[in-house]
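So the sequence lines, in the order shown, correspond to chains E and F. In terms of the working numbering, the numbers along the first sequence are unbroken and rise by one, the last being 1326. In terms of the working numbering, the numbers along the second sequence are unbroken and rise by one, the last being 724. All C-beta atoms, glycine included, are put in the ideal place defined by N, C-alpha and C. Because the structure is a prediction, the values reported are computed rather than measured. See structure below.
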Amino acid sequence: MPDSTLEAHSPREHFSLNKIGRVVETYTLEAPDFDPRGAYVHTYDICTILNDNMFAPEGEITIERIPREDGHFTLKMLCDRRTIHNPHSYIVEATLDCLDDSLSTPVKWECKSKIALSPEEEPYLSSEQHKSGTFRDGEVIITSSGDQVKRTAIPGDYTGKWCLLDAVQRMPGADLSPLHFALIDEFDEVHQDQTLSFGEAARIEMTGGPRDFHVYKHLGKGVIPTVFWVAQSGRLHFLTTGSEAYILREADGATAEYDGKEVQQFPQGKRL
Amino acid sequence: MRSEKKAQAQGGLNRREFLQTGAVAATGAMTLGGFHFSRPANAQSTPKPNIVIILTDQQNIDTISAYQKHFTHEAHGCRWLSTPNLDRLSKRGVSFLESHSANPVCSPARSTLFTGRMSIETSVTRNNVGIDKDVPNMGQWFEANSDYARVYCGKWHAGGPWNYPLIAGDRKIPGFATLPGGARGTGDIADYQVSGAVGAFVRNYQEKDPFLIVAGLMNPHDICYWTPPLGGKVLVPDWDVFELGDALPPLPPNFDYDFPEPRPNRVTSFNEMNWRNYTYEYYRMVEKVDADVGRILDAVESRDDDTLIIFTSDHGEGAGRHMRVQKWHPYDESVRVPLIVSWPGQVAEDVIDTDHLVSGVDLMSTVCDFAGIPAPPHARGRSLKPLLQGDTPESWRDNVYAEIQHTGRMIRTADYKYVKFYAFSGNADKPFIDEEGNAVQFEPGMGHRYEEHPVRLLFDMKKDPWETNNLFEDTQYADVMEAHEKILREEYEAHLIPGETHTRG
Chain E
1055 MPDSTLEAHS PREHFSLNKI GRVVETYTLE APDFDPRGAY VHTYDICTIL
1105 NDNMFAPEGE ITIERIPRED GHFTLKMLCD RRTIHNPHSY IVEATLDCLD
1155 DSLSTPVKWE CKSKIALSPE EEPYLSSEQH KSGTFRDGEV IITSSGDQVK
1205 RTAIPGDYTG KWCLLDAVQR MPGADLSPLH FALIDEFDEV HQDQTLSFGE
1255 AARIEMTGGP RDFHVYKHLG KGVIPTVFWV AQSGRLHFLT TGSEAYILRE
1305 ADGATAEYDG KEVQQFPQGK RL
Chain F
220 MRSEKKAQAQ GGLNRREFLQ TGAVAATGAM TLGGFHFSRP ANAQSTPKPN
270 IVIILTDQQN IDTISAYQKH FTHEAHGCRW LSTPNLDRLS KRGVSFLESH
320 SANPVCSPAR STLFTGRMSI ETSVTRNNVG IDKDVPNMGQ WFEANSDYAR
370 VYCGKWHAGG PWNYPLIAGD RKIPGFATLP GGARGTGDIA DYQVSGAVGA
420 FVRNYQEKDP FLIVAGLMNP HDICYWTPPL GGKVLVPDWD VFELGDALPP
470 LPPNFDYDFP EPRPNRVTSF NEMNWRNYTY EYYRMVEKVD ADVGRILDAV
520 ESRDDDTLII FTSDHGEGAG RHMRVQKWHP YDESVRVPLI VSWPGQVAED
570 VIDTDHLVSG VDLMSTVCDF AGIPAPPHAR GRSLKPLLQG DTPESWRDNV
620 YAEIQHTGRM IRTADYKYVK FYAFSGNADK PFIDEEGNAV QFEPGMGHRY
670 EEHPVRLLFD MKKDPWETNN LFEDTQYADV MEAHEKILRE EYEAHLIPGE
720 THTRG
């Protein structure tokens, strides 16, 4: 990755990072060496960002990758997003069986979701449901609680929204040819006509010195343009998509440090 | 004098009596997930459908891809997005294309949807205040008059300066149990919580009594944060940063225009690329919320009993039309909203109704009719049930009325849209200025005594659907102006009962 010709820029100069400029400028992470095809556990803070002042944590997502010997790997995912009635959260747990390919394509998955005080607590007011998915004969087949089956035809490649957080870490930077695929959104809905492509190599000024990133762009139906920032280590550090940002907080036992002070300059009042 | 008029209109009932109209005492109960629903003694035993209301926020009438035959200009949204789930819902129900918000601003619109009263009557003529204490909301009305279990999940924004209800306390919606979906004010995070929780509830519900559940989805309202007053250019690039090229929608034909208007509020800080990026992302937000609609639809289809689905939005979005963002104004992009009603086997399917003028206040009358209970007193809407079941009523309204924030008034007939604004006093609680220059509250029948803005709007909606030619100064249309003014005064202003007290805010 290192390119000696790259000029370092403040994150505030980059369209995708300017809303989390403070976070990026102060970000440090001393994590172990990373094998994007190996086992790892990443936890991302999920935040709402609306302007270059506002930064509001909303929850977190933990992704664990477990390689297997059959050419597949398992992704385990736990997402905990706050609801308005703290401490109730919306909790999603999933296990996906994925191909070790360029899109981390899920071939089958199980997902359960609920509003609860924690993953171990009972669901609040009948809010729990289970969904499973598989791909067969050109169709994604979603089976929901109560044995309801829904089929959606997919003409070509596909992947899952959260699988991309794994897949981008193995992408070859400028050598990537644009990928075209369908996207399974939150395990149960399909958005067709997606594209993921290499954006640029960027050098960003951060605490401790400039760091190099590969930047990937994801566009498509049902997706606010999404930008992935993969660090030189190979780990996905930041993701921004409209008013959401994901920031790598923990990586294989190491904890990042950054100025994540909550700034609640949430626009209120009549203009909404 | 106002209080006396109001009490007289209500037959002298106080609030408690008002809500218990038709009910003697609550007997019987159901406990669901720890929440206790009581049942009035006289609740009818006739089987009635479950009712699912799916409400998006700030969605334009032309942002459903199935409507391409009806919205044929290249700038119409349906040509730039894909909404497979809303298309599916449209196919299994009736879509009303002449559906209008009763006040195209979040809190006022929502107050009218969930009470069946005009915003001047709910006291919610601006954002962040709560419904008048004497006007029951849908949950309260159903609680007093039916055996429905009632649940609300997602954006409410008709109870004060907050979006999402809590399970208990000040921010619980009276009459509804709360599924706590949603956090702050963005659909990005909240909508999946709402669609997931509502979908689960619908799948899991096994009680004997029917349920009424509202899914308050936030998107595509997230686009508000892309507008100059809020997120500003931080979120909307002024160049083609994502190299979208021809995927960026064009500017609309009414982007620029030259006619006098009472409330000029164009956004002049965006260049063309800002606008086209803005509109591109707006349509992506519609697609996102379409997925959430799909989750709820799937859940309804998993049941083997009867469920009525009503889908609508509170108001629309400027999306560059009349160089506007957001809502707050009387043009069609702000006022006209999607409305689809579905109940396979009981309601017509795959019908696009382009003839009947429909209003947000019709929601309350419609759900009451399907639930077999009377609409609340002074409900201003009409039940859509006859239109949905192919029973053409002898007469249907020939106009709809809407309020625009505090002091704007709109009359829409089959051919014309007429708008005027009273002068705003600056005092939200007493927004009108009377002949003596005093700030006053609205008084029925007194419109002739208020100061008015000298510029009005009149559009020929058949010949000029993009509203580019204001006819109000054209003497050929003087009679048309007068006829619409007469409707406003005689059919609406003479009868509306202004609210007095915000519950919150």
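- Message: I want to see whether chain F comes within less than 7 Å of E:Tyr1300, judged by CB atoms only; does it?
- Response: no
- In its own chain, which residues sit with a C-beta less than 7 Å from the C-beta of F:Asn618, not counting the 5 before and 5 after it? Leu576, Ile630, Arg631, Thr632, Ile706
- Message: If I measure Cβ to Cβ from F:Asp581 and keep anything under 6 Å in the same chain, skipping five residues before and after, which residues do I get?
- Response: Gly600, Arg601, Leu603
- Query: Taking 7 Å as the CB-CB limit, is E:Ser1297 close to chain F?
  - Reply: At least one chain F Cβ lies under 7 Å of E:Ser1297.
- Listed from N- to C-terminal order along the chain, which residues in the segment 1088 to 1105 of chain E have their beta-carbon within a distance smaller than 8 Å of any beta-carbon of chain F? Ile1100, Thr1102, Leu1104, Asn1105
- Message: At a CB distance below 8 Å, what residues from the segment 1268 to 1282 of chain E approach chain C? Give them in sequence order.
- Response: Protein chains E and F are contained in the structure displayed, whereas chain C is not.
- Item | E:Arg1136, enclosing beta strand (DSSP E) - first and last residue | 1126 to 1136
- Message: Short of 6 Å in beta carbon distance, which residues of its chain neighbour E:Gly1276, apart from the five on each side in sequence? Order them along the chain.
- Response: His1245
- Query: Using a Cβ cut-off of 9 Å, which residues of the segment 390 to 403 of chain F contact any Cβ in chain E, in chain order?
  - Reply: Arg390, Ala396, Thr397, Leu398, Pro399, Gly400, Gly401, Ala402, Arg403
- Task: Using a Cβ cut-off of 7 Å (strictly closer), state whether F:Ala228 contacts chain E.
- Result: Any reading at F:Ala228 is ruled out, since the residue's pLDDT is 44, under 50, leaving its predicted position unreliable.
- Message: Can you tell me whether E:Thr1309 is helix, strand or coil according to DSSP?
- Response: It is a strand residue.
- Message: Please return the same chain residues whose Cβ sits closer than 8 Å to the Cβ of F:Asn493, not counting the five positions on each side in sequence.
- Response: Lys452, Val455, Pro456, Asp457
- Query: Can F:His292 be considered in contact with the ligand FMN, in the sense that its beta carbon sits closer than 6 Å to one or more heavy atoms?
  - Reply: Looking at this structure, you won't find the ligand FMN or any other ligand, since it has none at all.
- CA-to-CA distance, F:Ser365 to F:Ser414, given in whole angstroms: 26 Å
- Could you confirm whether any beta carbon from chain F is found closer than 7 Å to the beta carbon of E:Thr1137? yes
- Using a cut-off of 8 Å between C-beta atoms, extract the partners of E:Ser1167 located in chain F. Gly415, Ala419
- List the whole-angstrom C-beta distance separating F:Tyr383 from F:Gly394, where the pair is believed to meet the contact cut-off of C-beta under 8 Å. F:Tyr383 to F:Gly394, Cβ: 16 Å. No contact.
- Between the segment 552 to 570 of chain F and the segment 523 to 535 of chain F, do at least 3 Cβ pairs fall closer than 8 Å? Counting C-beta pairs with one atom in each stretch, the segment 552 to 570 of chain F and the segment 523 to 535 of chain F have three or more that are closer than 8 Å, which means they touch.
- Query: In chain order, what residues of the same chain have a beta carbon less than 8 Å from the beta carbon of E:Met1131, not counting five sequence neighbours either side?
  - Reply: Within the same chain, Cβ atoms closer than 8 Å to the Cβ of E:Met1131 are found at Ile1115, Thr1116, Ile1117, Glu1118, Val1146, Glu1147, Ala1148, Thr1149, Leu1150, Trp1216, the five residues on either side in sequence being excluded.
- For the beta strand (DSSP E) containing F:Cys297, list its first residue and its last residue. No beta strand (DSSP E) contains F:Cys297, which DSSP labels as neither H nor E.
- Query: Applying a beta-carbon distance threshold of less than 9 Å, which residues of chain F neighbour E:Asp1239?
  - Reply: In chain order: Tyr411, Lys507, Ala510.
- Where does F:Glu536 sit, in a helix, a strand or coil, going by DSSP? coil
- Task: Compare the C-beta of F:Thr199 with all C-beta atoms of chain E and state if any pair is closer than 7 Å.
- Result: Nothing about residue 199 of chain F can be read from this structure; chain F reaches only from 220 to 724.
- Message: Please report the straight-line C-alpha distance between F:Asn373 and F:Tyr696, rounded to a whole angstrom.
- Response: Here residue 373 of chain F turns out to be Gly, not Asn, going by the sequence shown. Near 45 Å, if we compare the C-alpha coordinates of F:Tyr696 and F:Gly373.
- Item | Between the CA atoms of E:Ala1221 and E:Gly1095 - distance to the nearest angstrom | Rather than Gly, the amino acid found at residue 1095 of chain E in this sequence is Val. So the two alpha carbons sit approximately 14 Å from each other.
- Since E:Tyr1081 contacts E:Ala1310 with CB under 8 Å, what's their CB separation in whole angstroms? 6 Å
- F:Leu715 to F:Lys391 span [Cα, whole Å]: 28 Å
- Could you work out which residues of chain E lie near F:Asn423, taking near to mean beta carbons separated by less than 7 Å? Ser1180
- Item | Reduced DSSP secondary structure (H/G/I, E/B, other) of F:Arg422 | helix
- Task: Can you say whether F:Asp407 is buried or exposed, counting buried as having 16 or more other CB atoms within 10 angstroms of its CB?
- Result: buried
- Item | Contact residues within the segment 1142 to 1167 of chain E, judged by C-beta distance below 7 Å to chain F | His1142, Tyr1144, Ser1167
- Message: Residues in the same chain with beta-carbon distance under 6 Å from E:Ala1228, minus the five sequence neighbours each way, listed in chain order, please.
- Response: Phe1252
- Would F:Phe361 count as contacting chain E if we go by Cβ distances under 7 Å? no
- Message: With the cut-off set at 7 Å, would you say E:Lys1073 and E:Ile1103 are in Cβ contact?
- Response: yes
- Contact with chain E by F:Pro447, beta-carbon distance below 7 Å: Cβ-Cβ to chain E under 7 Å: no for F:Pro447.
- Item | Element boundaries [alpha helix (DSSP H), containing F:Leu607] | 604 to 607
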